[in-house]
Amino acid sequence: MGHLGERVADHGVAVVGNGPVGQTAALLLARWGVPVMLLDARAERDRAGSKAICQQRDVLDIWESVAAGRRIADEGLTWRTARTFHRDSELFAHELAAGPAGSGGSAFPPFVNISQARVEEILDECIAGQPLIDVRWAHDVTGIDEHGHGVTLTCGDGTRVEAAYVVVCAGARAESLRAALGVTFAGRSFDDRFLICDIRAELRGWARERRSYFDPSWNPGRQVLIHPCPDGVFRIDWQVPGDYDVTAEQASGALDERIRAIIGDTDYEIVWMSVYRFHSRVADRMRSGRVLLAGDCAHLYAPFGARGLNSGVADAENAAWKLAWVLRGWAGDELLESYHHERHAAALENLAVTAATMDFLVPHDERQRRRRRTVLGGAATDARLREQVDSGRLAEPFWYGDSPLTTVDPTRPAPGRRPPRGQAPAPGPGVLVPDVPLPSGSLPGRARLRELARDGFLLLAPEGAAGIPDPPTAAPLRIVPLAEVDPAAAVLGAREGEWWVVRPDAHIAGVAGDPAAVEAVLRRASAGLAAPVPP
324 MGHLGERVAD
334 HGVAVVGNGP
344 VGQTAALLLA
354 RWGVPVMLLD
364 ARAERDRAGS
374 KAICQQRDVL
384 DIWESVAAGR
394 RIADEGLTWR
404 TARTFHRDSE
414 LFAHELAAGP
424 AGSGGSAFPP
434 FVNISQARVE
444 EILDECIAGQ
454 PLIDVRWAHD
464 VTGIDEHGHG
474 VTLTCGDGTR
484 VEAAYVVVCA
494 GARAESLRAA
504 LGVTFAGRSF
514 DDRFLICDIR
524 AELRGWARER
534 RSYFDPSWNP
544 GRQVLIHPCP
554 DGVFRIDWQV
564 PGDYDVTAEQ
574 ASGALDERIR
584 AIIGDTDYEI
594 VWMSVYRFHS
604 RVADRMRSGR
614 VLLAGDCAHL
624 YAPFGARGLN
634 SGVADAENAA
644 WKLAWVLRGW
654 AGDELLESYH
664 HERHAAALEN
674 LAVTAATMDF
684 LVPHDERQRR
694 RRRTVLGGAA
704 TDARLREQVD
714 SGRLAEPFWY
724 GDSPLTTVDP
734 TRPAPGRRPP
744 RGQAPAPGPG
754 VLVPDVPLPS
764 GSLPGRARLR
774 ELARDGFLLL
784 APEGAAGIPD
794 PPTAAPLRIV
804 PLAEVDPAAA
814 VLGAREGEWW
824 VVRPDAHIAG
834 VAGDPAAVEA
844 VLRRASAGLA
854 APVPP
């Protein structure tokens with residue numbers, strides 16, 4: 324059995340891009356004992372601006388495995404009321420539930436609002452305490468060449484970096500690296516832009532509310548979204564025309580008028596502002612040999628629903644455990660192909676969800692415009708139309724029901740895509756295991772089921788089980804009787820005599836009826852190869 328933190332006798336992984344996705348990948352790889360060189364083209368970190376502000380519960384849980392999730396959650400803010408307005412009238416207010424069905428009593432809120440800049444600072448502090456991570460700023464990777472048993476990265480100053488594998492997390496502007504890998508990035512860009520301002524102000528009653536305005540008189544024909552953030556900061560997103568000039572508007576005083584149309588005479592301070600044009604694009608391949616693409620360089624979404632950074636962190640976790648398994652000799656190189664299979668499918672789902680939101684926010688033909696008028700015109704009195712008002716569906720985990728790593732259980736059909744808003748599918752193969760609190764003192768150092776799962780493969784065994792006589796993997800593997808993690812058995816819906824096999828990223832790999840079937844599930848989850856499951 325391997326141990327977390329054990330050093331690998333190999334030259335490890337180069338991670339290109341020191342944003343939150345690259346930081347997460349580096350920390351998770353180091354957690355598995357893999358040495359990492361973390362490269363970034365910038366001379367130092369840009370600490371300004373909110374950027375990606377909404378960090379979802381399951382991402383906080385990933386970050387907690389590297390000692391960052393609780394800190395981020397405690398500093399963040401969770402709004403409870405979503406108010407939606409059309410023109411000058413409030414259409415409805417939605418009270419946020421504590422969490423989706425199936426969350427199992429998570430220690431984390433459904434999400435927190437906190438600036439990306441602050442998240443990066445916390446992750447930097449974690450990296451500083453990790454000796455396996457070598458951070459190199461001012462290393463602009465301009466060339467990438469796979470050869471033999473490794474990859475050579477060439478930097479703009481002529482520096483050459485050798486690595487066994489590479490994870491590219493270099494963001495949306497990684498065109499040259501995608502081109503060098505032969506990866507395309509098809510999709511579309513939106514003509515309208517969005518002005519984002521972080522302002523600090525005292526807005527009574529707004530600190531726990533998100534406000535969505537459709538076609539307000541002070542931004543006619545377009546939208547405005549307002550999010551509360553920690554420390555009295557509010558992020559305001561205005562949809563603006565494609566030729567919008569923020570410098571001219573600021574100089575003329577029109578920007579002040581724009582802000583005061585929302586907040587009135589209240590004193591305010593602009594903390595940061597930027598103008599974005601949003602894109603919907605997905606790489607055709609997220610794996611090219613020894614190179615994996617993650618985050619914005621692999622997929623770009625409109626930000627409504629906060630699916631960019633959240634999905635990028637899930638990319639990082641998926642890549643990290645699989646790279647660690649290959650480098651540690653616990654799995655063959657073929658395991659890496661499942662990274663593309665699983666995360667590309669997740670990217671396509673996120674693209675579909677955010678594209679539907681943008682079609683509602685920015686309709687581009689008469690049919691879409693007519694539907695939007697109908698929905699907004701009747702939502703105040705018609706609950707069915709209210710459900711169709713789309714200002715962004717918050718990020719959710721992706722379920723790997725049809726993954727090559729997942730052993731299908733005919734009695735627990737794979738969940739379909741996009742369950743009803745705020746709901747999670749019943750536990751089963753491919754689904755993220757519910758975050759069940761463990762009985763106090765039952766497993767020292769582990770208070771929750773997902774913490775236990777992220778130590779390696781986890782086998783939840785039925786009462787009286789004798790163990791696995793010949794485990795088909797040398798990877799970390801822990802067998803825990805279901806009775807010791809009550810109420811997990813009830814939350815999972817475990818049946819008498821069942822074994823539950825959970826992957827190192829806390830997704831359920833399969834459910835088996837005996838040790839031989841467990842071995843088949845483990846073989847499949849370790850290699851992505853079909854393995855017969857005894858009847």
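Add 323 to a position in the sequence shown, counting from 1, and you land on the number used in this note's numbering.
In this text, a Cβ means the ideal position worked out from N, Cα and C, and glycines have one as well.
- In the three-state scheme derived from DSSP, where H, G and I count as helix and E and B as strand, Ser429 is classed as coil.
- The continuous alpha helix (DSSP H) containing His664 extends over residues 660–684.
- Residue environment: Ser849 is assigned as buried (16 or more neighbouring CB atoms within 10 Å of its CB, all protein chains considered).
- Counting only the Cα atoms, Arg769 lies some 6 Å from Leu775.
- With contacts defined by Cβ atoms closer than 8 Å, Phe721 and Glu672 form a contacting pair.
- A Cβ-Cβ contact shorter than 8 Å links Ala806 with Glu786.
- For Asp363, there is no enclosing alpha helix (DSSP H), as DSSP marks it with neither H nor E.
- In this chain, Asp554 is not harboured by any alpha helix (DSSP H), its DSSP state being neither H nor E.
- When Asp538, Ile445, Leu615, Gly555 are compared, the shortest CA-CA separation from Thr407 is found for Asp538.
- The alpha-carbon separation between Cys620 and Ala747 amounts to approximately 28 Å.
- Between the alpha carbons of Ala679 and Val614 lies a distance of about 31 Å.
- Sorting Ile802, Gly335, Pro762, Arg534 by C-alpha distance to the C-alpha of Phe780 places Ile802 at the top.
- The C-beta distance from Ser597 to Thr677 rounds to 19 Å, too long to fall under 8 Å, and the pair is not in contact.
- Restricting attention to beta strand (DSSP E) runs no shorter than 3 residues, the region 761–790 encloses them at 780–784, ordered along the chain.
- Excluding the 5 residues flanking it on each side, Arg370 has same chain C-beta neighbours closer than 6 Å at Ala440, in chain order.
- Taking C-alpha positions only, Thr730 is separated from Val834 by approximately 8 Å.
- The beta-carbon separation of Val339 and Val464, rounded to 5 Å, stays under the 8 Å limit for a contact.
- Just so you know, the alpha carbons of Phe601 and Gly565 end up roughly 11 Å apart.
- A direct Cα-to-Cα measurement between Glu498 and Leu632 gives close to 19 Å.
- Under the DSSP assignment, Ser575 falls in the alpha helix (DSSP H) whose first and last residues are 569–575.
- Exclusion of the five residues before and after Leu766 leaves Leu775, Val803, Glu807, Val808 as the residues of its chain whose Cβ lies within less than 8 Å of its Cβ.
- Counting only runs that start and end inside the region 367–407, the alpha helix (DSSP H) elements of at least 4 residues fall at 380–387, 392–398.
- In the same chain as Gly544, and ignoring 5 residues on each side of it, the C-beta atoms closer than 7 Å to its own belong to Asp538, in chain order.
- About 14 Å separates the beta carbons of His622 and Ala642, which is beyond the 8 Å limit, so they are not a contact pair.
- Taking 8 Å as the upper bound for CB-CB distance, Gly635 and Val344 are in contact here, some 4 Å apart.
- Using a C-beta cut-off of 8 Å, the region 498–509 makes no contact with the region 350–365, since fewer than three inter-stretch Cβ pairs fall below that distance.
- For Asp411, the three-state secondary structure derived from DSSP is coil.
- A buried status is given to Ala349, since no fewer than 16 other beta-carbon atoms sit within 10 Å of its beta-carbon.
- In this structure, the beta-carbon distance from Ile445 to Arg394 falls below 8 Å.
- DSSP places Pro838 outside any beta strand (DSSP E); the residue lies instead in the alpha helix (DSSP H), whose first and last residues are 838–850.
- Nearest to Asp468 by C-alpha distance, out of Tyr591, Leu414, Gly820, Leu500, is Leu500.
- For the set Gly372, Ile385, Ile791, the Cα lying nearest the Cα of Val844 is the one of Ile791.
- Put simply, the backbone Cα of Trp644 is about 45 Å away from that of Ala702.
- DSSP places Glu443 within a helical segment (H, G or I) once states are collapsed to three.
- Sorting Ser373, Ala486, Trp823 by C-alpha distance to the C-alpha of Ile549 places Ser373 at the top.
- The distance from the Cβ of Asn341 to that of Val458 is about 7 Å, consistent with a contact at the 8 Å cut-off.
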